[in-house]
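Q: Take the position in the sequence shown, starting the count at 1, then add 1; the result is the number in my numbering.
We put the CB at the ideal spot given by N, CA and C, even for glycine.
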Amino acid sequence: MSTVRSILSKLLRSAGLVPASTYDAQQKELNDWRKLMWKPGHYYSPYHDLNGLGDNPQANKDELQSIDLNETAQLALLEELSGYYNSIEFPVTKQENRRYYFHNDYFSYSDGIFLHSLMRYLKPKRILEIGSGYSSAMMLDTNEHYLNNEVKLSFVEPYPEERLLKLIRPADNSTVLKQFIQQVVVE
2 MSTVRSILSK
12 LLRSAGLVPA
22 STYDAQQKEL
32 NDWRKLMWKP
42 GHYYSPYHDL
52 NGLGDNPQAN
62 KDELQSIDLN
72 ETAQLALLEE
82 LSGYYNSIEF
92 PVTKQENRRY
102 YFHNDYFSYS
112 DGIFLHSLMR
122 YLKPKRILEI
132 GSGYSSAMML
142 DTNEHYLNNE
152 VKLSFVEPYP
162 EERLLKLIRP
172 ADNSTVLKQF
182 IQQVVVE
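1. Please look up how many angstroms separate the CB atoms of residue 135 and residue 108, rounded, as I've assumed it's under 8 Å.
2. Quick check: what's the CA-CA separation for residue 124 versus residue 81?
3. Classify residue 73 as helix, strand or coil using the three-state DSSP reduction.
4. Classify residue 79: buried if its beta carbon has 16 or more other beta carbons within 10 angstroms, exposed otherwise.
5. Could you tell me how far apart the beta carbons of residue 158 and residue 179 are, in whole angstroms, since I believe they sit closer than 8 Å?
6. So what does residue 129 bridge to, in DSSP terms?
7. Skipping 5 residues on each side, what residues in its chain have a beta carbon closer than 7 Å to that of residue 172?
8. Per the contact definition of three or more C-beta pairs closer than 8 Å, is the region 95 to 108 in contact with the region 125 to 132?
9. Could you tell me the alpha carbon to alpha carbon distance between residue 168 and residue 177, rounded to whole angstroms?
10. So, helix, strand or coil for residue 143, using DSSP?
11. Going by DSSP, what residue range makes up the beta strand (DSSP E) through residue 175?
12. For a quick check, are the C-beta atoms of residue 117 and residue 143 less than 8 Å apart?
13. Classify residue 102 as helix, strand or coil using the three-state DSSP reduction.
14. Straight-line CA distance for residue 122 to residue 70?
15. Compare the Cα-Cα distances from residue 138 to each of 188, 170 and 72 and report the closest residue.
16. Would you kindly report the start and end of the unbroken alpha helix (DSSP H) that includes residue 84?
17. From the DSSP output, in three-state form, read off residue 148 for me.
18. How far does the alpha helix (DSSP H) with residue 117 in it reach, from first residue to last?
19. The alpha helix (DSSP H) spanning residue 165 covers which residue range?
20. Roughly how many angstroms separate the alpha carbons of residue 148 and residue 103, rounded to a whole number?
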């Protein structure tokens, strides 16, 4: 019986399927691991520290004091940005003719779609990025393929040889400042 169970288990795993009990155990382990990394309330944690919310009389209000979220304008902007969606031509996986691709672990689908759409909508003259990675790849490709390299891209990156310099092409309208942000002189 254990041989049959072992074979069945291997087949399920190879097909990407796991029994619910195994999935639940893995999910619990992952959640426990996440809790140990950053406690709720830590600036890296995606979770708020709920213990202090009851003490704050403002916490239960629907409105944020002194902050106008301007929901109408945000929704109007979202509607404007949606007009760019159907013309986005970025690959899902890595391809030779593009630097950015959607299926990555750091700056994936929605991040890339919004940055691309905002660049096309706002048409900025200059963008200064602190740190670099897949967002840099998205901006370089958007600038090249959709904005005729009219946006001056500046990247502050202390270690550009690790990734950034492999992305930049001679025709790109870009500058790399190989410095920590604290060392950059503001013009």
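A: In this structure, then:
1. 4 Å
2. 14 Å
3. Under the three-state reduction of DSSP, residue 73 is assigned to helix.
4. exposed
5. 7 Å
6. 155
7. 150
8. By the criterion of at least three beta-carbon pairs nearer than 8 Å, the region 125 to 132 is not in contact with the region 95 to 108.
9. 11 Å
10. helix
11. Annotation for residue 175: the continuous beta strand (DSSP E) segment containing it runs 175 to 178.
12. yes
13. coil
14. 20 Å
15. 170
16. Per DSSP, residue 84 is not a residue of any alpha helix (DSSP H), being assigned neither H nor E.
17. coil
18. Unbroken alpha helix (DSSP H) run through residue 117: 110 to 123.
19. 165 to 168
20. 20 Å
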